[in-house]
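**Student:** First, the structure itself, so that you have it in front of you.
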Amino acid sequence: MKMVFYSDGGARGNPGPAAYAVVACKDDGFVMYEKAEFIGEASNNEAEYRGLIAAIVMASSYGAEEAVFVLDSELVVKQMRGEYRVRAGHLKVLRDDAAALAAGIPKTSFQHVGREHPMIVRADALLNEKLNEASR
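Each residue of the sequence shown is one higher than the last, beginning at 1 in my numbering.
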């Protein structure tokens, strides 16, 4: 089964209060599951990685044989593809965790899209709801 996972992460301040969201879809675009989580103090890049890791775990739990991970973070996508080195130690740990988890899925790919992509807009709205809840 092929699935597509849209993830987004964000922080208010950098670092600051942070959250991520994942929208899991069948290959035809049908939304199967959405998840958002407040993660406390983190940078934007940490939040993006935490969202990706949650998406990879979700793909494994669904038994996806092929998983496409779609993010609006060009940095994270290029680091996962090996096109960019990871210099920051704390991000290297997250990148290595994501890569190890992704290795358990038979076929994976990482795609960058703009923030205006409808599913990224949806994930961004979900994570902002979590940030709003946390600030009350």
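Backbone N, C-alpha and C define an ideal beta-carbon position, used for all residues, glycine too.
Predicted model, so just to flag it, every value in this text is computed and none were measured.
1. Counting only the same chain and skipping the five closest in sequence on each side, list residues whose C-beta sits under 7 angstroms from that of I120.
2. Need the endpoints of the alpha helix (DSSP H) that D97 sits in, please.
3. Hey, how far is the Cα of A11 from the Cα of D96?
4. Which residue from K26, E133, Q111 and E37 puts its Cα closest to that of V76?
5. Look up E65 in the DSSP assignment and say whether it is helix, strand or coil.
6. Are the stretch 17-28 and the stretch 38-53 touching, with three or more C-beta to C-beta distances below 8 angstroms?
7. Hey, would you say A55 sits closer than 8 angstroms to V93, going by beta carbons?
8. Quick check on V86: does DSSP put it in helix, strand or coil?
9. Run the CB neighbour count on S43, radius 10 Å, all protein chains shown included, and call it buried at 16 or more, exposed below.
10. With respect to the alpha helix (DSSP H) encompassing I120, which residues constitute its N-terminal and C-terminal limits?
11. Is it right to say D28 is buried, meaning 16 or more other beta carbons lie within 10 angstroms of its own, or is it exposed?
12. For Y62 versus M3, is the C-beta spacing smaller than 8 angstroms?
13. Which word fits N45, buried or exposed, when buried means at least 16 other C-beta atoms lie within 10 angstroms of its C-beta?
**Tutor:** Straight from the coordinates:
1. For I120, where only same-chain residues beyond five positions count, the Cβ hits under 7 angstroms are Y6, D8, D72 and V113.
2. G89 to A102
3. 22 angstroms
4. Q111
5. Coil at E65, not helix or strand.
6. yes
7. no
8. coil
9. buried
10. Unbroken alpha helix (DSSP H) run through I120: P118 to A134.
11. Exposed.
12. In contact: Y62 and M3 (Cβ atoms closer than 8 angstroms).
13. buried
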